[in-house]
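Numbering (this note's numbering), first residue to last: 13 to 350. For glycine and all other residues, C-beta sits at the position ideal for the given N, C-alpha and C. These numbers come from a predicted model, not from an experiment. Structure first, then comments.
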Ligand code: UT7
């Protein structure tokens, strides 16, 4: 039994923050951000919006695209859930009117879409669920220090979702074989030190023992860059081999939007021409687990992704963690979110 994509959708919070907007508070420039990352603007949650709200908007659009009002399970990939406990997925399921179906979160940072897709496909393959609403949703800018020029320009908020149902491996839209990997020895390269069980603040005890910066993301950009290129390239090659595809078969490379230069470098390593590489980081920044479904939705809504196109998906992020898979694009209706 394979998991087949039958619907997809995306949503971005309305507040646009341009590079020039950031220059008001950070020692940076539009030129630096554009040339080093490819980002021109990103969306940020304001006015009390949270990951839950983003997930509901994206999930509703994916259900509409699939023509469904029911599903057997809701999986949310997020590294910026509304609260440490509980998971956000049960509330999302409730707000979507999906009643008391199975619902849980999965935390795999920028590889969240690949890990969540594999998990959702596993629920279907094992017979636990006949259909899954899988959402990647992030309000990660709330976890980034607005005074840190190394990280503040890079991340954006948003959500993307797919509906999966049980089907046959040779159907269009069937998710192909996966490659997934991790390297916990490099966990500190991208981490938020405080807030979890290892480093709690002395909340309510009168003194806060945790330095403010530790509540925010710490990132070692250069080593991550090298790892991202190496891991996404290697993982892509493994997924292609498992699918029995050649690089020349790939109509679209849909890679996690961490940095336009990283995506271009992976494509170059794989010898994929630029016109087969999907990119939207200029308008959304790095949206972690929402990155790939937002890209798929945008390209499908525009008609660039066409039924029968062979698609290679690859991602890399904190953990470290990475993954890749393949699918033949199905007949699907998706609405633009911009
Ligand atoms: O999502 C998956 C996980 N994340 C990643 O994979 C991120 C991977 N890394 C990257 O994308 C890049 O390393 C960054 C975009 C984060 C940084 O680009 P870089 O070309 O590697 O720059 P760098 O960190 O080596 O910094 C170069 C210089 C430094 O100044 P000095 O030491 O050479 O004087 C930085 O202080 O640029 C400086 N810099 C900035 N200058 C202006 C760093 N951030 C900024 C900024 N504006 N926003």
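- Straight-line spacing of the CA atoms in residue 124 and residue 166 works out to 17 Å.
- Residue 233 has its CB nearer than 7 Å to a heavy atom of ligand 1.
- In this structure, ligand 1 has no non-hydrogen atom nearer than 7 Å to the beta-carbon of residue 230.
- By the neighbour-count criterion, in which a residue is buried when 16 or more other Cβ atoms sit within 10 angstroms of its Cβ, residue 96 is exposed.
- Residue 190 sits in coil when the DSSP states are folded into three classes, being neither helix nor strand.
- With respect to the 8 Å criterion, residue 284 and residue 262 are classified as neighbours on the basis of their beta carbons.
- With fewer than 16 neighbouring CB atoms inside 10 Å of its own CB, residue 111 falls in the exposed class.
- DSSP places residue 349 outside both helix and strand once states are collapsed to three, so it counts as coil.
- Excluding the 5 residues flanking it on each side, residue 135 has same chain C-beta neighbours closer than 7 Å at 85, 141, 144, in chain order.
- Per DSSP, the continuous alpha helix (DSSP H) segment holding residue 125 begins and ends at 124-137.
- With a minimum length of 4 residues, the unbroken runs of alpha helix (DSSP H) contained wholly in the segment 276-337 fall at 293-296, 303-313.
- In the DSSP assignment, residue 179 falls within the unbroken beta strand (DSSP E) covering 170-179.
- Bounds of the beta strand (DSSP E) holding residue 56 are 53-56.
- Straight-line measurement puts the Cα of residue 56 at about 16 Å from the Cα of residue 35.
- Separation of the CB atoms of residue 171 and residue 153 is rounded to 13 Å, and the pair is thereby denied contact status at 8 Å.
- Relative to the non-hydrogen atoms of ligand 1, the Cβ of residue 202 comes within a distance shorter than 7 Å of at least one.
- Look at residue 338: its beta carbon is at least 7 Å from all of the heavy atoms in ligand 1.
- Nearest C-alpha to residue 159 among 92, 25, 39, 14: 39.
- For residue 222, the three-state secondary structure derived from DSSP is coil.
- Residue ranges of uninterrupted alpha helix (DSSP H) with 4 or more members, entirely inside the segment 35-97 and ordered along the chain, are 42-49, 63-78.
- For the set 130, 44, 271, 230, the Cα lying nearest the Cα of residue 17 is the one of 130.
- Note on geometry: alpha-carbon atoms of residue 187 and residue 231 lie some 32 Å from one another.
- If you ignore the 5 residues before and after residue 195, its C-beta comes within less than 6 Å of the C-beta of 332, all in its own chain and listed in chain order.
- Membership of residue 250 in the alpha helix (DSSP H) is indicated by the continuous run 233-255.
- Taking 8 Å as the upper bound for CB-CB distance, residue 291 and residue 272 are in contact here, some 6 Å apart.
- With 16 or more neighbouring CB atoms inside 10 Å of its own CB, residue 337 falls in the buried class.
- Here residue 37 is exposed: its Cβ has fewer than 16 other Cβ atoms, across all protein chains shown, within 10 Å.
- Look at residue 147 here: in three-state DSSP terms it is strand.
- Exposed is the label assigned to residue 258, since fewer than 16 other Cβ atoms lie within 10 Å of its Cβ.
- If you check the C-beta of residue 122 against ligand 1, you find a heavy atom less than 7 Å away.
- Excluding the 5 residues flanking it on each side, residue 180 has same chain C-beta neighbours closer than 7 Å at 14, 186, in chain order.
- Exclusion of the five residues before and after residue 68 leaves 104, 107, 108 as the residues of its chain whose Cβ lies within less than 7 Å of its Cβ.
- In the structure shown, residue 115 adopts extended strand secondary structure according to DSSP, grouped into three states.
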